[in-house]
Amino acid sequence: MPFRPVLPAYSPPPLRAWGTTWRVLVALSTGALTFGGTLLSFPDGSDVLFALDLLLGLAAVVLMLWRRRRPLTIALVVSAISAVSASSAGALSIIVVSVSARRRWREVLAIGVVWIGAGYAYEQIVSTEVQVSWWAALLASALVYAVCVAVGFYIGGRRETLQNLEERAVRAEREQAARVDQARTAERSRIAREMHDVLAHRISLVAMHSGALAYRDDLTREETRATATIVRDNAYLALAELREVLGVLRDVASGATEPDRPQPTLGALPDLVEESRAAGTAVTCTVLAQTAEALASLPETTSRNAFRILQEALTNARKHAAGAPVELGLSGVPGGRLDIVLRNPVPEPAALASTGPDLPASGMGLAGLTERAKLAGGELTHGIDQGGQFAVRAWLPWP
41 MPFRPVLPAY SPPPLRAWGT TWRVLVALST GALTFGGTLL SFPDGSDVLF
91 ALDLLLGLAA VVLMLWRRRR PLTIALVVSA ISAVSASSAG ALSIIVVSVS
141 ARRRWREVLA IGVVWIGAGY AYEQIVSTEV QVSWWAALLA SALVYAVCVA
191 VGFYIGGRRE TLQNLEERAV RAEREQAARV DQARTAERSR IAREMHDVLA
241 HRISLVAMHS GALAYRDDLT REETRATATI VRDNAYLALA ELREVLGVLR
291 DVASGATEPD RPQPTLGALP DLVEESRAAG TAVTCTVLAQ TAEALASLPE
341 TTSRNAFRIL QEALTNARKH AAGAPVELGL SGVPGGRLDI VLRNPVPEPA
391 ALASTGPDLP ASGMGLAGLT ERAKLAGGEL THGIDQGGQF AVRAWLPWP
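Numbering (the numbering used here), first residue to last: 41 to 439.
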């Protein structure tokens with residue numbers, strides 16, 4: 041089936057009172073001039089035609105006011121009226137220009153046939169003293185009609201162009217607003233992810249140790265003091281890291297190229313492991329020798345993302361499998377990818393109940409890790425592996 045372009049629907053602008061007024065004045069004045077030009081050519085005893093011409097001319101002006109509701113019908117009726125009314129020329133011209141602005145060739149051709157036929161009929165019905173050949177009458181009618189059609193097409197094209205420009209401007213504003221909303225949403229997600237990654241680890245340690253103080257009454261004074269010290273230190277560290285993240289976000293928002301304080305990378309992995317062990321999680325960390333030797337060449341962004349993944353994975357294990365041993369592994373070489381694996385046994389319901397109250401979960405830890413890995417060009421999966429352990433596996437590109 042051949043392709044046929046679909047033209048936009050034409051919708052003329054609404055007319056105001058002044059727009060209607062000046063059109064009526066132009067129609068009346070043009071009709072009066074046309075009628076006056078033929079008045080002296082009327083033969084004697086043409087009083088009936090004289091009166092009919094004026095009445096039909098006024099009727100044409102009235103019909104002109106309805107041209108937008110029934111454009112084709114009004115144009116055909118007024119064209120037929122012009123066969124016996126020269127005073128309808130002004131109204132008919134405005135109607136033809138208005139209909140031609142719709143830029144529909146079938147309507148233009150249909151009206152043109154009636155227009156030219158009416159012009160020829162006028163010369164035959166109104167027997168003027170000035171004799172004009174039939175072909176001259178047809179040619180004159182065709183020329184006047186062509187001028188009206190050309191003006192209408194120009195006006196219609198200009199209106200459609202302005203309408204398209206307005207639609208494009210509105211569409212551009214909507215797209216810009218959508219882009220702003222997307223950027224705002226992405227920024228909020230980034231801030232939420234950074235806040236979660238920074239605070240979840242520390243707050244989980246605080247919650248776990250404070251829970252131990254609340255549920256265990258067999259602790260010695262030294263053990264209670266040590267646990268309280270851990271809670272205090274982690275609370276201070278949480279505040280410090282929160283200030284750090286807020287400072288980084290503030291610097292990025294203001295266009296600064298360097299944050300005030302560096303973000304933790306894999307260089308801080310030993311400290312992270314020791315903190316987890318001090319919190320009661322038996323962590324076994326395995327890093328391939330060739331990977332450990334090449335970690336210094338790992339890009340800072342990749343190293344920072346890897347650290348956040350490990351930090352959140354350890355926090356997740358501490359929340360949902362408190363006291364269970366955790367196996368952590370790093371492998372990879374430059375020019376390939378960095379593989380991260382963290383496993384922990386799936387605890388039994390009875391074991392979970394014996395560990396005290398559940399630590400609060402945000403529900404966005406693993407989802408945030410998945411998004412972080414994806415944004416870094418890698419991938420993260422999690423679930424029960426073949427050995428029945430819960431495993432978090434991720435890889436990040438290592439250029």
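Backbone N, C-alpha and C define an ideal beta-carbon position, used for all residues, glycine too.
Quiz item: Taking buried to mean at least 16 other C-beta atoms within 10 Å of its own C-beta, is P365 buried or exposed?
Solution: Exposed is the label assigned to P365, since fewer than 16 other Cβ atoms lie within 10 Å of its Cβ.
Quiz item: How about V148 and S140: do their beta carbons lie closer than 9 Å?
Solution: yes
Quiz item: According to DSSP, is L370 helix, strand or coil?
Solution: strand
Quiz item: Leaving out the 5 sequence neighbours to the left and right, which residues in its chain are closer than 6 Å to P400 when beta-carbon positions are compared?
Solution: At P400 the pLDDT is 47, less than 50, meaning the model places this residue with poor confidence; the figure from the coordinates comes in the next sentence. Taken in chain order, the list of residues that qualify is empty.
Quiz prompt | contact_flag[the region 242–260, the region 220–230] where n(CB pairs < 8 Å) is 3 or more | solution = no
Quiz item: Pick from P339, W155, A362, R198: whose alpha carbon is nearest that of S441?
Solution: Examination of residue 441 is not possible in this model, given that the chain is present from 41 through 439 alone.
Quiz prompt | Endpoints, the alpha helix (DSSP H) within which W443 is located | solution = Given a span of 41 to 439 for the chain in the structure shown, any question on residue 443 remains unanswerable.
Practice problem: Could you tell me how far apart the beta carbons of A434 and L420 are, in whole angstroms, since I believe they sit closer than 8 Å? | Solution: 4 Å
Exercise. Answer yes if the region 61–72 comes into contact with the region 119–137, meaning at least three C-beta pairs across the two stretches below 8 Å, and no otherwise.
Key: yes
Quiz item: Any idea which residues DSSP pairs N384 with across the strands?
Solution: F430
Quiz item: Among P111, R143, Y276, L178, which one has its Cα closest to the Cα of A190?
Solution: R143
Quiz item: By Cβ distance below 7 Å, which residues in the same chain neighbour L335 in space, the five residues on each side in sequence not counted?
Solution: L306
Self-check item: Selection from H236, L415, G192, V220 that minimises the alpha carbon distance to W145
Solution: G192
Quiz prompt | Minimum C-alpha distance to W106 - residue among R412, P304, T60, P339 | solution = T60
Quiz item: Under a Cβ-count criterion, where at least 16 other Cβ atoms within 10 Å of its own Cβ denotes burial, should S337 be classed as buried or exposed?
Solution: Here S337 is exposed. Its C-beta has fewer than 16 other C-beta atoms within 10 Å.
Self-check item: Local Cβ density within 10 Å of V323, reported as buried at 16 or more and exposed below that
Solution: buried
Quiz item: Going straight from the alpha carbon of N356 to that of I349, what length do you get?
Solution: 10 Å
Quiz prompt | Secondary structure of W106, DSSP reduced to three states | solution = coil
Exercise. Evaluate the contact criterion for the region 109–124 versus the region 155–167: three or more CB pairs, one atom per stretch, below 8 Å.
Key: yes
Self-check item: Start and end residues, alpha helix (DSSP H) containing T355
Solution: 340–360
Quiz item: Which value, in whole angstroms, describes the spacing of the CA atoms of A332 and G372?
Solution: One C-alpha to the other measures close to 9 Å.
Quiz item: Are the beta-carbon atoms belonging to N345 and A416 less than 9 Å from one another?
Solution: Contact check for N345 against A416 passes: the beta carbons are separated by less than 9 Å.
Exercise. If I'm right that T78 touches A126 with Cβ under 8 Å, what's the distance once you round it to whole angstroms?
Key: 5 Å
Quiz item: For L436, which residues does DSSP report across the bridge?
Solution: Per the DSSP secondary-structure output, L436 pairs in a beta bridge with L378.
Quiz item: Can you name the start and end residues of the beta strand (DSSP E) that L420 belongs to?
Solution: 419–424
Quiz item: Straight-line CA distance for P437 to G408?
Solution: 18 Å
Quiz item: Nearest CA to the CA of E367: which residue from R199, S128, V313, R109?
Solution: Ranking R199, S128, V313, R109 by Cα distance to E367 puts V313 first.
Practice problem: Identify whether T74 lies in helix, strand or coil by the three-state DSSP scheme. | Solution: helix
Exercise. Going by CA-CA distance only, name the one from S343, E340, I151, R283 that's closest to V184.
Key: When only C-alpha atoms are compared, the closest one is I151.
Quiz item: Under three-state DSSP, which class holds V191?
Solution: helix
Exercise. Please confirm whether G157 and G71 have their CB atoms less than 9 Å apart.
Key: no
Quiz item: So is the beta-carbon of F75 under 8 Å away from any non-hydrogen atom of the ligand FMN?
Solution: Among the components modelled here there is no ligand, and therefore nothing to report on the ligand FMN.
Exercise. Ignore the nearest five residues each way along the sequence and tell me which others in G197's own chain have a CB closer than 8 Å to its CB.
Key: R143
Quiz item: Whose C-beta lies closer than 8 Å to the C-beta of A319 among residues of the same chain, with five residues either side of it excluded?
Solution: L245, M248, H249, I270, R358
Quiz item: Where does R412 land, buried or exposed, given buried means 16+ other C-beta within 10 angstroms?
Solution: Classified as buried, R412 has 16 or more neighbouring CB atoms from the shown chains inside 10 Å of its CB.
Quiz prompt | Beta-bridge partners of V118, as assigned by DSSP | solution = Answer by DSSP bridge pairing: none, since V118 is not bridged.
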